[in-house]
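Sequences listed follow chains Z and H, in order.
Taking my numbering, I'd label the letters of the first sequence as residues 2 to 115.
Taking my numbering, I'd label the letters of the second sequence as residues 34 to 145.
From the three backbone atoms N, C-alpha and C, an ideal C-beta is built for every residue, glycine too.
The model shown is predicted, which means the values in this text are computed figures rather than measured ones.
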Amino acid sequence: AQSVTQLDSHVSVSEGTPVLLRCNYSSSYSPSLFWYVQHPNKGLQLLLKYTSAATLVKGINGFEAEFKKSETSFHLTKPSAHMSDAAEYFCVVTPGTGFQKLVFGTGTRLLVSP
Amino acid sequence: NAGVMQNPRHLVRRRGQEARLRCSPMKGHSHVYWYRQLPEEGLKFMVYLQKENIIDESGMPKERFSAEFPKEGPSILRIQQVVRGDSAAYFCASSPDTLEQYFGPGTRLTVT
C-alpha cells in the first residue's frame, strides 16, 4: 500500500525567504509522486511530478522537489517565498504502474508574512 | 480547452434528501475520478470510472453512494439520504491515458 506523511501541518515564512515543505512516502512499488497546491475555495493545481526520470524535478512558480529514494522523501522547496504562495500544499503518491489512484497526504498550510 | 467543470459549486441539502454532483471532464479525457475532502483533511479517493464502466470503487461507501459516467453527458456522483457526515468538498478529476489528473474546482456540499 502507498501512503505519504507530511511532517508539518503549518509552515510560516517571511516573504523573500526560502520555503521547505516536507514529505515522506511509503510505497510497495516504484512510485510516482506529485505536489498539488490548493488556494482557498479553489480546486487543486499540479505544481510538479516525479515519474522515475530525473530525481530533481522543477515545477511551476519556482518550486522544485527532489526525490530521494534512500530517505523515502520528496520535499518541496522554493528559494524565495511570495505572498501569493500562501495556500495548502498536498504531497501525493501513486504506484508507478499506470493506475492513477492518487493517495494524498494531510496537507501543509503555508503562511507567508510580509 | 476548457478545464474540468463541476456543478453546482455549492449545494445545500437537508438530511434525508438526495445530492447529485456533476462533473464534465476535459475534452478528450475518458477517465474520471471522484475524491472527497473532509474539513481539515486531504483528499480521499472514492471512485474511478471510464466511459460506461466503473473501474475501481474501493473508496466509495457501500451504501447511499453511487457514481456513473454515461456514454454521453457528465459523470454523476449521487448521494442518497444525505447525513451531516456527508458534508464535504467533492472533487472530480479527469485524465487522458496518462498519470496526470486535472482537477475541477469542486462542489461543496453542506447538509443541514
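Tell me, please, whether the stretch 64-83 of chain Z touches the stretch 11-28 of chain Z by the rule of three or more beta-carbon pairs shorter than 8 angstroms.
The answer is yes - the stretch 11-28 of chain Z touches the stretch 64-83 of chain Z, with three or more Cβ pairs under 8 angstroms.
Residue 144 of chain H and residue 46 of chain H - do their beta-carbons sit closer together than 7 angstroms?
For residue 46 of chain H and residue 144 of chain H, yes; Cβs fall inside 7 angstroms.
For the stretch 41-51 of chain Z against the stretch 56-65 of chain H, do three or more pairs of beta-carbon atoms, one drawn from each stretch, fall closer than 8 angstroms, so that the two count as touching?
Verdict: no, contact absent.
Please confirm whether residue 139 of chain H has its beta-carbon closer than 7 angstroms to some beta-carbon of chain Z.
Cβ-Cβ to chain Z under 7 angstroms: yes for residue 139 of chain H.
Whose CA, out of H/82, H/114, H/103, H/40, lies closest to the CA of residue 96 of chain H?
Minimum Cα distance to residue 96 of chain H is reached at H/114.
For residue 120 of chain H, does the three-state DSSP call read helix, strand or coil?
Residue 120 of chain H: coil per DSSP, three-state reduction.
Quick check: the stretch 64-77 of chain H against the stretch 100-111 of chain H, are at least 3 beta-carbon pairs closer than 8 angstroms?
Judged by Cβ distances under 8 angstroms, the stretch 100-111 of chain H makes contact with the stretch 64-77 of chain H, as three or more pairs qualify.
Identify whether residue 86 of chain Z lies in helix, strand or coil by the three-state DSSP scheme.
In the structure shown, residue 86 of chain Z sits in a helix (DSSP, three-state: H, G or I).
Going along the chain, which residues of the stretch 27-52 of chain Z sit with their C-beta nearer than 7 angstroms to a C-beta in chain H?
Hits within the stretch, in order: 33, 43, 44, 45, 47, 50, 52.
Any C-beta of chain Z within less than 9 angstroms: which residues of the stretch 67-97 of chain H qualify?
Listed by position, the residues of the stretch 67-97 of chain H near chain Z (Cβ gap below 9 angstroms) are 68, 70, 73, 74, 75, 76, 77, 78, 81, 88, 89, 91, 92.
Check the Cβ of residue 68 of chain Z against every Cβ in chain H and list those closer than 7 angstroms, keeping chain order.
Result: empty, since nearest Cβ-Cβ is about 15 angstroms, beyond 7 angstroms.
Between residue 60 of chain Z and chain H, is there a C-beta pair that is closer than 7 angstroms?
Taking Cβ atoms only, chain H never reaches closer than 7 angstroms to residue 60 of chain Z, which makes this a no.
Near residue 103 of chain H, what residues of its chain come up, given a Cβ to Cβ distance below 7 angstroms and the 5 sequence neighbours on each side ignored?
Contacts found: 85.
Between which two residues does the beta strand (DSSP E) containing residue 112 of chain H stretch?
Note, residue 112 of chain H: beta strand (DSSP E), 108-112.
Does the beta carbon of residue 105 of chain Z come closer than 7 angstroms to any beta carbon on chain H?
Chain H, which has a Cβ nearer than 7 angstroms to the Cβ of residue 105 of chain Z, makes this yes.
Starting from residue 40 of chain H, trace the beta strand (DSSP E) both ways and give me its first and last residue.
First-last of the beta strand (DSSP E) with residue 40 of chain H: 38-40.
Using a Cβ-Cβ cutoff of less than 8 angstroms, which residues in the same chain neighbour residue 103 of chain Z once the five nearest sequence positions on both sides are dropped?
35, 93, 94, 95, listed in sequence order.
Can you find the residues in the same chain that come closer than 7 angstroms, C-beta to C-beta, to residue 87 of chain Z, ignoring five residues on each side of it along the sequence?
Hits under 7 angstroms: 111, 112, 113.
Residues bridged to residue 41 of chain Z by DSSP?
BP columns for residue 41 of chain Z are empty, so no partner.
Anything in chain Z within Cβ reach of residue 101 of chain H, meaning under 7 angstroms, just list it in chain order.
The contacting residues do not exist; residue 101 of chain H stays about 19 angstroms from chain Z at best.
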